[in-house]
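Notes to accompany the following structure.
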Amino acid sequence: GMPRTGMDWHDRDTPIGSEELAESMAPFMNYCIEQFGPDRSMFESNFPVDKVGYSYHVMYNAFKRLSSGYSDSERASMFHDTAARVYRVED
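See below:
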């Protein structure tokens, strides 16, 4: 949602919702997940910078929408397991 990326979400009278945000992200996110697979993908954000365009809750719900077609284990990979493995985070 940053102005430098060409998105005008910060100028809107009505904030963007998670459905519209997911639709906007889908071509890029789906391509990356298809190329690398859920076990090598992770959701990330630019917060707090992105809060100028949308809230953290809207973004998180957009990620949930984008991952709704995947299994529970694939979703766990994209939301936690891949990052924990790559960054060597112990639970």
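Using this note's numbering, read the sequence shown as starting at -11 and increasing by one per residue. The C-beta atom is built at its ideal place from N, Cα and C for all residues, glycine as well.
Limits of the unbroken alpha helix (DSSP H) element including residue i
i: T70; result: T70 to V74
i: S6; result: S6 to F24
i: Y48; result: Y44 to L54
9 Å Cβ cutoff met for residue i and residue j
i: K39; j: S6; result: no
i: V46; j: L9; result: yes
Cα-Cα separation, residue i to residue j
i: M66; j: M17; result: 11 Å
i: S55; j: Y75; result: 22 Å
i: Y42; j: W(-3); result: 7 Å
i: R0; j: F35; result: 19 Å
i: G57; j: E11; result: 14 Å
i: H68; j: T2; result: 31 Å
For residue i, the nearest candidate out of the options (CA to CA)
i: R73; options: P26, D60 and Y48; result: P26
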